[in-house]
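Q: First to last, the sequence lines map onto chains A and B.
Read in order, the letters of the first sequence correspond to residues 73 to 374 in our numbering.
Read in order, the letters of the second sequence correspond to residues 2 to 307 in our numbering.
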Amino acid sequence: MSDASTAASPIRLAGALTAAETPRVGNTRRALRRFFRQRLAVVGLVITTFLIAVALFAPLIAPTPYDKTILMDANTFPNRQYPFGTDAIGHDELSRIIYGLRTSLIVGFSAVAFACLIGIPLGLLAGLRGGLADFVVLRIVEVMTAFPGILFAMFLVSVVGGGVRNIILVIGATSWVVLCRLTRAQLLTLREREFVQAVQALGASDWRIAVRHLLPNALPPLIVAITLAIPTAIFTEAGLSFLGLGIDEPTPSLGKMVADSAPYIRLYWYLGLFPTVAIALAMLGFTFLGDGLRDALDPRQN
Amino acid sequence: MARYILGRIGGLAFVLVAVSIVTFALTRAVPGDPFASGERQVPAATQAARAAKYGFDKPLWRQYLNYMGSALHGDFGVPFQSPTRTVTQLIADTWPVTIKIGLGAILIAYPLGILLGTIAATHRNGPIDYAVTFVASLGLVLPNFVVATWLILLFAVRLGWFPSGGWGTPQHLVLPILAYSLGPMALVARYVRTCLVDTLDADFVRTARAKGLSDRRVLSGHVARNALIPFITVMLPEIPNILTGSIFIEQMFRIPGLGRFFVTSTFTRDYPMIMALVLLVAVVWGFTYLLTDILYTMLDPRIRLR
Numbered sequence: 073m074s075d076a077s078t079a080a081s082p083i084r085l086a087g088a089l090t091a092a093e094t095p096r097v098g099n100t101r102r103a104l105r106r107f108f109r110q111r112l113a114v115v116g117l118v119i120t121t122f123l124i125a126v127a128l129f130a131p132l133i134a135p136t137p138y139d140k141t142i143l144m145d146a147n148t149f150p151n152r153q154y155p156f157g158t159d160a161i162g163h164d165e166l167s168r169i170i171y172g173l174r175t176s177l178i179v180g181f182s183a184v185a186f187a188c189l190i191g192i193p194l195g196l197l198a199g200l201r202g203g204l205a206d207f208v209v210l211r212i213v214e215v216m217t218a219f220p221g222i223l224f225a226m227f228l229v230s231v232v233g234g235g236v237r238n239i240i241l242v243i244g245a246t247s248w249v250v251l252c253r254l255t256r257a258q259l260l261t262l263r264e265r266e267f268v269q270a271v272q273a274l275g276a277s278d279w280r281i282a283v284r285h286l287l288p289n290a291l292p293p294l295i296v297a298i299t300l301a302i303p304t305a306i307f308t309e310a311g312l313s314f315l316g317l318g319i320d321e322p323t324p325s326l327g328k329m330v331a332d333s334a335p336y337i338r339l340y341w342y343l344g345l346f347p348t349v350a351i352a353l354a355m356l357g358f359t360f361l362g363d364g365l366r367d368a369l370d371p372r373q374n
Numbered sequence: 002m003a004r005y006i007l008g009r010i011g012g013l014a015f016v017l018v019a020v021s022i023v024t025f026a027l028t029r030a031v032p033g034d035p036f037a038s039g040e041r042q043v044p045a046a047t048q049a050a051r052a053a054k055y056g057f058d059k060p061l062w063r064q065y066l067n068y069m070g071s072a073l074h075g076d077f078g079v080p081f082q083s084p085t086r087t088v089t090q091l092i093a094d095t096w097p098v099t100i101k102i103g104l105g106a107i108l109i110a111y112p113l114g115i116l117l118g119t120i121a122a123t124h125r126n127g128p129i130d131y132a133v134t135f136v137a138s139l140g141l142v143l144p145n146f147v148v149a150t151w152l153i154l155l156f157a158v159r160l161g162w163f164p165s166g167g168w169g170t171p172q173h174l175v176l177p178i179l180a181y182s183l184g185p186m187a188l189v190a191r192y193v194r195t196c197l198v199d200t201l202d203a204d205f206v207r208t209a210r211a212k213g214l215s216d217r218r219v220l221s222g223h224v225a226r227n228a229l230i231p232f233i234t235v236m237l238p239e240i241p242n243i244l245t246g247s248i249f250i251e252q253m254f255r256i257p258g259l260g261r262f263f264v265t266s267t268f269t270r271d272y273p274m275i276m277a278l279v280l281l282v283a284v285v286w287g288f289t290y291l292l293t294d295i296l297y298t299m300l301d302p303r304i305r306l307r
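#1: Measuring CA to CA, which of Val136(B), Leu27(B) and Tyr297(B) is closest to Leu117(B)?
#2: Label Gln258(A) either buried or exposed according to how many other C-beta atoms from any shown protein chain fall within 10 Å of its C-beta, with 16 as the threshold for buried.
#3: Taking CB distances under 8 angstroms as the criterion, tell me whether Val330(A) reaches chain B.
#4: Below 8 angstroms, can you find three or more Cβ-Cβ pairs linking the stretch 350-360 of chain A to the stretch 118-125 of chain A?
#5: Rounding to the nearest angstrom, what Cα-Cα distance links Val219(B) and Leu123(A) in this structure?
#6: On the premise that Leu27(B) lies in contact with Ala122(B), defined as a C-beta separation below 8 angstroms, what is that separation, rounded to the nearest angstrom?
#7: Skipping 5 residues on each side, what residues in its chain have a beta carbon closer than 7 angstroms to that of Glu181(B)?
#8: Give, in chain order, every unbroken run of the alpha helix (DSSP H) that is at least 4 residues long and sits entirely within the stretch 125-173 of chain B.
#9: Strictly below 7 angstroms CB to CB, what residues from chain A border Trp286(B)?
#10: Taking only three categories from DSSP, how would you classify Met355(A)?
#11: In this structure, what does DSSP give as the bridge partners for His163(A)?
#12: Pull up the distance between the alpha-carbon of Arg109(A) and that of Leu292(B), whole angstroms please.
#13: Look at Gly199(A) and Arg256(A) and say whether their C-beta atoms are less than 8 angstroms apart.
#14: Can you grab the Cα-Cα spacing for the pair Val208(A) / Leu197(A), in whole Å?
#15: Are any of the Cβ atoms in chain B nearer than 8 angstroms to that of Gly244(A)?
#16: Would DSSP call Thr245(B) helix, strand or coil?
#17: Could you name the residues of chain A that Ala19(B) contacts, counting a contact when the two beta carbons are closer than 9 angstroms?
#18: Quick check on the DSSP output: the alpha helix (DSSP H) that includes Ala125(A) runs from which residue to which?
#19: Comparing alpha-carbon positions, which option in His223(B), Met253(B) and Gly70(B) lies nearest Leu300(B)?
#20: Are the C-beta atoms of Ala53(B) and some chain A residue less than 8 angstroms apart?
#21: What is the DSSP secondary structure of Thr158(A), counted as helix, strand or coil?
#22: Does Asn374(A) come out as helix, strand or coil in the three-state DSSP assignment?
#23: Give every residue of the same chain whose Cβ lies closer than 8 angstroms to the Cβ of Val235(B), excluding the five residues on either side of it in the sequence, and list them in chain order.
#24: Short of 6 angstroms in beta carbon distance, which residues of its chain neighbour Ile281(A), apart from the five on each side in sequence? Order them along the chain.
#25: Rounded to whole angstroms, what is the Cα-Cα separation between Val282(B) and Ile243(B)?
#26: If we require 3 or more residues per run, which beta strand (DSSP E) segments fall completely within the stretch 163-222 of chain B?
#27: Taking 8 angstroms as the cut-off, does the stretch 142-162 of chain B touch the stretch 123-133 of chain B (at least 3 CB pairs, one atom from each stretch)?
#28: Check whether the Cβ atoms of Thr359(A) and Leu300(A) lie closer than 8 angstroms to each other.
#29: Quick one: what's got a C-beta closer than 8 angstroms to Phe149(A)'s C-beta in the same chain, skipping five residues either side?
#30: If contacts are defined as beta-carbon pairs under 8 angstroms, then Gln82(B) and Thr265(B) qualify, I think. What distance do you get, rounded to the angstrom?
#31: Any contact between the stretch 269-285 of chain B and the stretch 8-28 of chain B? By contact I mean 3 or more CB pairs, one from each, below 8 angstroms.
#32: Expressed to the nearest angstrom, what Euclidean distance is found between the alpha-carbon atoms of Val142(B) and Thr136(A)?
#33: Roughly how many angstroms lie between the CA atoms of Thr87(B) and Lys54(B), to the nearest whole one?
#34: Along the stretch 237-254 of chain B, what residues have a CB closer than 7 angstroms to any CB found in chain A?
#35: Along the stretch 184-214 of chain B, what residues have a CB closer than 7 angstroms to any CB found in chain A?
#36: Taking Cβ positions only, does Pro293(A) come closer than 8 angstroms to chain B?
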């Protein structure tokens, strides 16, 4: 930010200067600068960093283990000892939320990673080979899109059962389509560019072109899509847990906490409020971050 | 054009067949017996008779072909959860309820979202823009069961203005529609803002301004039409989602709509109901996409359909 203050309008000026003085502003640095100029994006970055840190160090931060119950203190309203209160069987809500956040983030990150593992190779295959491969992948994508999202996830859960691992697999298996489409679309436009023809003329193999030359160029929009897929996965987990198809007891998850609070919320409002705020915070953080990345990485801004 | 539409309908048929095969296979892969009665031991002969009645004694491919054969004649079978009705009757009874909520949500979400998005785009990067973006993000990030919970708490429990659930009077519509429209409204507002901002930067807009057109004329005459194209491609496919209902909203407000069956059929292994629901959603989805593509060409003559 310190260099930005020397130039009144960093982007335009940087562009104008490059010709005259060539101050060597790299693409990455330019993107970073654009990112940090957006207030909401920085807010998103701060929120997500904070949440990830909390989730990582959950055992150190949480006052009690997530499954510890103190029946004597059940249904305590928020006070100094229990800042977020306790639930009907004496769980400390603060600890449950910290561990619930951990579950939600683990599910979010892993499910999206799994979706990448399916979607990106399929998209590469379709975009690179075209023809029959493209046709088959497109048909699979079409069929997947026609399935009512959450219903399909519910089905799969009822086939394979609940639990963290299965939820990750199910959400991953139902959310790869976006990434596949995007990778394919990116490849279709990149494939025709001159630098690809140049590498082709040099005799590079298809897969080398795809992995070394096409994928890195397709990365910016993919990073955005991945960042925005994380809140969606967290959202789906919350929904499944709400329907009783998600994470098994005693592991807490934010969605489950909101669902479980419903019968008590008329009196014990804090049981619903704090997990809700936690979900909203996680979703907002990742959404702002993704939007900020989109604006920072958008090539049209150059 | 006619050829294109025919081809697309053919593609849709393929998708439907694929969806039905996958669903059929999945329902049969689900562990659990739809007739597991729990306490009562059912004699082996009864079980065999039941299996024969529903065709479970035949090989899977035969069961599938039989099902599709009757489905093409409009017979989707008898739901296990209420054997006195047919699947068709049950859906005919409950879908209108869901559609009512969905239409209400669309009528609130789309106009309001477009209005908010336009305001945000024309006040770009100002405090109004930030406020709209924040509200829109909130609408996107709060699961609608959370919104429903807090609406019930505030308007039904504390203030007592509206019933907390049930069905029958117009009052019963208010809270579910409100809870259901927040998400789509946020989506529309955000998307309208993006489309408008992109279009407002275009050269032809600068030209229109240079000609001396007022801001309103530029917005309604030049920007709106061009921003409409990306808007339609993204927002029209949202409509089937809204019309087929939200499991969560119907659960929270105890609404006798279609969404409820999504849950109960999965839990009770109600094969005929599951099949019918999935196919219904797939058909609605397919025709919406087709409609989207056709509208697309009508709005932008540069786009040619093959």
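Even glycine gets a Cβ: it sits at the ideal position worked out from N, Cα and C.
Fair warning: this is a prediction, and the values are worked out from it, not measured in the lab.
A: Inspection of the coordinates gives the following:
#1: Val136(B)
#2: By the neighbour-count rule (16 or more Cβ atoms within 10 Å), Gln258(A) is buried.
#3: yes
#4: yes
#5: 44 angstroms
#6: Incorrect: roughly 44 angstroms between the Cβ atoms, too far for contact.
#7: Glu is not the amino acid found at residue 181(B); the sequence shown has Tyr there. Hits under 7 angstroms: Ile102, Ala106, Asn145, Ser247 and Ile250.
#8: Listed in chain order, the complete alpha helix (DSSP H) runs (minimum 4 residues) inside the stretch 125-173 of chain B are 128-142 and 145-152.
#9: Ala218
#10: helix
#11: Thr141(A)
#12: 41 angstroms
#13: yes
#14: Distance between Val208(A) and Leu197(A), taken at the CA atoms: about 10 angstroms.
#15: no
#16: Residue state, collapsed to three classes: coil.
#17: Arg211, Ile212, Glu214, Val215 and Ala218
#18: In the DSSP assignment, Ala125(A) falls within the alpha helix (DSSP H) that extends over Arg111 to Leu128.
#19: Residue His223(B) holds the alpha-carbon nearest to the alpha-carbon of Leu300(B) among His223(B), Met253(B) and Gly70(B).
#20: no
#21: strand
#22: Residue placement at Asn374(A) is poorly supported in this model, since its pLDDT is 37, which falls under 50; the coordinates still yield a value, given next. Residue state for Asn374(A) is assigned as coil, using DSSP reduced to three classes.
#23: Tyr192
#24: Val271
#25: If you take the alpha carbons of Val282(B) and Ile243(B), they lie about 11 angstroms apart.
#26: none
#27: Look at the beta carbons and you see the stretch 123-133 of chain B not touching the stretch 142-162 of chain B: under three pairs across the two are nearer than 8 angstroms.
#28: yes
#29: Gly157, Tyr340 and Tyr342
#30: Indeed they touch by this definition, with Cβ atoms about 6 angstroms apart.
#31: yes
#32: 29 angstroms
#33: 15 angstroms
#34: Those residues of the stretch 237-254 of chain B that come within reach of chain A (Cβ to Cβ, closer than 7 angstroms) are Thr245, Ile248 and Phe249.
#35: none
#36: no
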